[in-house]
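Quick note on numbering: the sequence shown equals residues 0 to 126 in numbering that gives the first Met the number 0. We treat Cβ as the ideally placed atom computed from N, Cα and C, and that holds for glycine. Keep in mind the model is a prediction, meaning the values are calculated, not measured. Okay, so here's the structure we're looking at.
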Amino acid sequence: MKIYLAMKKSKRRVLQKSVRTLPTAMSEENSERLKKEVKLAKTVLLLIGVYIITWIPICVIHFLRVARIGNIPDSVDLAAAFLMSMSCVTNPWIYGFRHSQFRDQIRRMLCMKTRVTHLEEVQASKK
């Protein structure tokens, strides 16, 4: 326990010193990276949440059938099957709303107008 507390205290001191000595550009870079990581984490959580919501009903229905607990109406079974099929449809929509590059590629595939990125401007100027 003493070793853990000593390491924690040492880590805190190192972090305090490094924050004071870091240039502002480095902290801005870390800030951008943190924003991207947070956005990615939110997207992953959204994907997992939608996956759970769309698959839980069919799993419960199949469990009830296997356990022979109650009679499941056809309308409930149909609704659960519909939710399960929506699982495949939701991923492109989630990616489309969350990532601008994905949105631009979909627009490009559908021959719609896309915004020009900085990289495309640089490549066009080299030609």
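Does DSSP put residue i in a helix, in a strand, or in coil?
i, result
"Ile55", "helix"
"Leu109", "coil"
In whole angstroms, what separates the C-alpha of residue i from that of residue j?
i, j, result
"Ser84", "Thr53", "8 Å"
"Val49", "Thr42", "11 Å"
"Leu138", "Lys8", "Absent from the structure is residue 138, since the part of the chain shown begins at 0 and ends at 126."
"Asn29", "Glu36", "10 Å"
"Arg32", "Ser86", "30 Å"
"Val13", "Ile51", "41 Å"
If residue i and residue j are in contact, beta carbons under 8 Å, what's the gap, nearest whole angstrom?
i, j, result
"Leu46", "Ile105", "Incorrect: roughly 17 Å between the Cβ atoms, too far for contact."
#### Entry: Completely contained alpha helix (DSSP H) runs for the stretch 45-102, where each covers 4 or more residues
73-97
### Query
Counting Cβ pairs, one atom from each stretch, are 3 or more of them under 8 Å apart for the stretch 90-100 and the stretch 71-82?
Here the stretch 90-100 does not lie against the stretch 71-82, with fewer than 3 beta-carbon pairs under 8 Å apart.
### Query
Is the stretch 79-96 close to the stretch 55-70, with three or more CB pairs under 8 Å?
With three or more CB-CB distances shorter than 8 Å, the stretch 79-96 counts as touching the stretch 55-70.
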